[in-house]
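Peer 1: This is the structure I have questions about; it appears just below.
Residue numbers (this note's numbering): 118 to 867.
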């Protein structure tokens, strides 16, 4: 519907003209509190409201009563859950509780004007306020405030996460509701909770957002869909978690559709909407972003460590069509001294391009095991593309349909005309059905047994919605599907090869356990590069440690398949890729560096630098799997007290020591913000005092703005290699970044 500027209609998707009656119910003062084992349960009445522009209680309707359960995990996590139909959220694939995370018993004390909830150590974890607002009565023009829920949570005993009890103009004109639900046809349909926000508060996270770092003033759907690039609202990876500059985090534990509104519908509130009959929130407190994200990973799982070879260069395009073509490319990469570890085959290795049957084309790839083995001897590992949908012409269709391995359509529809939509296929593999999971794993096992090292788990953000699945409605499965899909591929890859890895596009809470993820179909343009970086920064603030992107962008502009990639874009995106957790070249046209002869030597130099940095990247990656840090870090991880850093989205930390500022224009200039401290230019050795802007600096095409903390020691490989197979870690040296460091390109290795 059109925007009305009334919260109930716009944010709650409330349509008073619908033929299906809807009702709004708001929380009132709690009526009781009890202790149940280690938890505390609060009984809350809800009163139905008159759902017009002016909202006031309908006292002719009896109240409904529900209970809100509070549970503390350790010293910094508080879980707040309320169920409107008895549904439990205890058993969930999104959760993977850390073994060291213990439930801390809660207790309560009833005081005159408040109920105090504390843990067994006496630390305050929540306060329910019953104090009446201070009044100096002089007019009856408007009624007094309506009864509401006034509660403040303290996830770590310090930081306040306060519900928005009185976000209103006058008592009948509300901008947000502390806690409420919408009833549809006498059943709870969706629920909302609102948290007070401060005027200068900044919000980050929520998945792979392609927008500014500060999300305040924006409202986002929590609904996975094909992003169709990296410069719009759509995203492949919605994560129902956000981080506040006041140093608290919120994880909405659900796979249902929902919304986050950050000081948008109301500048006084963060508003959360969930299309489920349960609101299950994990609240995290801490001194720093890393600490809060560590808590989030304690609840949803820590990333595993990708294999060594994955940190080398990946070479691909859409697509290679034969063993002969691939072998020719690999030979030329070796001949021209480009270090590379992975050759990826995208959509063209089947009998028909895009017809995913998990089998090699027997004419163009007559001996797959021999082909893979031959490449492996020269240091190349093979990665394969596929998708989680079964095509109408696939040889597996009959088996999948008869055994209910794929979604069952409610009605048969004609296929579309695009290869870029799930709906062009007969059905979506049903990962809620264990037998379908085993069937899919067997399809992949045949390939992995041949020597394939990685499966590109493409798509998965869209599923067939007008269909039936074994254990879940499509509306609940849509967002969760990425997690179930990637888990299956990851597990069978780990089982067969010993390496836990996928190359995934979609994402939801918990997917960080199954690295790694890339940024989808970015335009090969400066805007595509900038949008990719923004997405990676937000994803790193959403629990993910490992993230990559297609160098130098996936598709051409304006000709999707055939536009020529500019030389400077290719180099600048290469530099960005070198300082990312993983680097892969991929796109709709030629991506091999020797196809760009004017810049080929520059690109070769950067590839060699990538391999020299692998010991450092491994060190930082190991740290990321045991902490709350990503490899590619927004500056707020290191400088939460610096307000500028909450708004900078075009530079970042690469691990602990590097500050990286990609050039994203053809002018070879940019501004760079150096935080407080002493910094050394990684390429020249120049020492710079931080705490200032470097304005409009000139950056030649073969250089990049990269600084290292003074005194850092960078693990570094000082010899040339063809692939990671050649690295002898006994030869790793430490580059001491001090007054004697003259710049990395002045070292003899280059």
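Beta carbons are placed, not taken as given, at the ideal position from N, Cα and C, and that holds for glycine.
Can residue 337 and residue 416 be called in contact, C-beta distance under 8 Å?
Peer 2: No, Cβ-Cβ distance for residue 337 and residue 416 is not below 8 Å.
Peer 1: Roughly how many whole angstroms lie between the Cα atoms of residue 524 and residue 517?
Peer 2: Looking at the two C-alpha atoms, the distance is approximately 9 Å.
Peer 1: Name the residue from 445, 528, 464, 405 whose alpha carbon lies nearest to the alpha carbon of residue 491.
Peer 2: If we check each option's Cα against that of residue 491, 445 comes out closest.
Peer 1: Give the secondary structure of residue 820 by DSSP, where H, G and I count as helix, E and B as strand, and everything else as coil.
Peer 2: Coil at residue 820, not helix or strand.
Peer 1: Determine the direct distance from the alpha carbon of residue 747 to that of residue 412, and round the result to whole angstroms.
Peer 2: Each residue's alpha carbon lies about 14 Å from the other.
Peer 1: Could you tell me the distance, in whole angstroms, from the CA atom of residue 532 to the CA atom of residue 542?
Peer 2: Unreliable positioning characterises residue 532 in this predicted model, as indicated by a pLDDT of 45, which lies under 50. A coordinate reading is not provided.
Peer 1: Determine the DSSP secondary structure at residue 849, reduced to helix, strand or coil.
Peer 2: Residue state, collapsed to three classes: coil.
Peer 1: How would you call residue 211, buried or exposed, if buried means at least 16 neighbouring beta carbons within 10 angstroms?
Peer 2: Classification for residue 211: buried.
Peer 1: Below 8 Å, can you find three or more Cβ-Cβ pairs linking the region 598-618 to the region 627-637?
Peer 2: Yes, the region 598-618 is in contact with the region 627-637.
Peer 1: Using only CA atoms, which one of 164, 170, 198 lies nearest to residue 158?
Peer 2: Among 164, 170, 198, the Cα nearest to that of residue 158 is on 198.
Peer 1: Buried or exposed: which applies to residue 345, given that a residue is buried once 16 or more other Cβ atoms fall within 10 Å of its Cβ?
Peer 2: Classification of residue 345: exposed, given that the 10 Å Cβ count is below 16.
Peer 1: Might you give, ordered along the chain, the residues of its own chain that have their beta carbon closer than 8 Å to the beta carbon of residue 870, omitting 5 neighbours on each side?
Peer 2: Any answer about residue 870 is impossible in this case: the structure gives the chain only from 118 up to 867.
Peer 1: Quick one: which unbroken alpha helix (DSSP H) runs of 4-plus residues sit fully inside the region 542-593? Chain order, please.
Peer 2: As far as the region 542-593 is concerned, its whole alpha helix (DSSP H) runs of at least 4 residues are 551-566.
Peer 1: Tell me the DSSP secondary structure of residue 842 in three-state form.
Peer 2: Residue 842: helix per DSSP, three-state reduction.
Peer 1: Can you tell me whether DSSP reads residue 861 as helix, strand or coil?
Peer 2: Of the three classes helix, strand and coil, the one that applies to residue 861 here is helix, per DSSP.
Peer 1: Looking only at its own chain, which residues have a Cβ that is under 6 Å from the Cβ of residue 426, when we skip the five neighbours before and after it?
Peer 2: Counting only Cβ-Cβ distances below 6 Å, and skipping sequence neighbours, we find 458, 498, 841.
Peer 1: With a CB to CB cut of under 6 Å and the five nearest residues on each side skipped, what residues in its chain are close to residue 799?
Peer 2: So the qualifying residues of the chain are 823, 825, 861.
Peer 1: Judging by CA-CA distance, which residue of 724, 679, 711, 712 is the nearest neighbour of residue 701?
Peer 2: Here the closest residue by C-alpha is 724.
Peer 1: DSSP state of residue 123, grouped into three classes?
Peer 2: Residue state, collapsed to three classes: coil.
Peer 1: Tell me which same chain residues have a C-beta within less than 8 Å of the C-beta of residue 286, skipping the five on either side of it?
Peer 2: Answer for residue 286: 292, listed in chain order.
Peer 1: Considering only residues of the same chain and omitting the five flanking positions on each side of residue 659, which have a CB-CB separation below 6 Å?
Peer 2: 322, 324, 356, 358, listed in sequence order.
Peer 1: Buried or exposed for residue 578, please, with buried defined as at least 16 other CB atoms from any protein chain shown within 10 angstroms of its CB.
Peer 2: So residue 578 counts as buried.
Peer 1: Would residue 526 and residue 602 qualify as a contact pair, given that the criterion is a beta-carbon distance under 8 Å?
Peer 2: Not a contact, by the Cβ cut-off of 8 Å.
Peer 1: Should residue 115 be labelled buried (16 or more other beta-carbon atoms within 10 Å of its own) or exposed?
Peer 2: Only positions 118 to 867 of the chain appear in this structure, which leaves residue 115 out of reach.
Peer 1: Buried or exposed: residue 116, going by 16 or more other Cβ atoms within 10 Å of its Cβ?
Peer 2: Here the chain has residues from 118 to 867 only, and residue 116 is not among them.
Peer 1: Could you tell me the boundaries of the beta strand (DSSP E) in which residue 739 lies?
Peer 2: Here residue 739 belongs to no beta strand (DSSP E); instead the alpha helix (DSSP H) covers 731-741.
Peer 1: What residues in its chain sit with their C-beta under 7 Å from that of residue 535, if we drop five residues either side in the sequence?
Peer 2: Caution is warranted here: a pLDDT of 39 is assigned to residue 535, below 50, making its placement in the model unreliable, and the coordinate value is therefore given only provisionally. Result list for residue 535: 541, in chain order.
Peer 1: Look at residue 588 and residue 550 and say whether their C-beta atoms are less than 8 Å apart.
Peer 2: For residue 588 and residue 550, yes; Cβs fall inside 8 Å.
Peer 1: Since residue 461 is in the beta strand (DSSP E), which residue starts that stretch and which ends it?
Peer 2: Note, residue 461: beta strand (DSSP E), 459-462.
Peer 1: Mind checking which residues open and close the alpha helix (DSSP H) that includes residue 883?
Peer 2: Any answer about residue 883 is impossible in this case: the structure gives the chain only from 118 up to 867.
Peer 1: Determine the DSSP secondary structure at residue 262, reduced to helix, strand or coil.
Peer 2: Coil, per DSSP.
Peer 1: Pull up the distance between the alpha-carbon of residue 586 and that of residue 290, whole angstroms please.
Peer 2: If you take the alpha carbons of residue 586 and residue 290, they lie about 42 Å apart.
Peer 1: What is the rounded straight-line gap between the Cα of residue 256 and the Cα of residue 160?
Peer 2: Roughly 34 Å separates the two Cα atoms.
Peer 1: Going by DSSP, what residues sit across from residue 244 in a beta bridge?
Peer 2: According to DSSP, residue 244 bridges with 233, 269.
Peer 1: Of all the options 674, 692, 314, which has the alpha carbon lying nearest to the alpha carbon of residue 705?
Peer 2: Looking at the Cα atoms, 674 is the closest of the given residues.
Peer 1: Report buried or exposed for residue 169, applying the criterion of at least 16 other Cβ atoms within 10 angstroms of its Cβ.
Peer 2: It counts as exposed.
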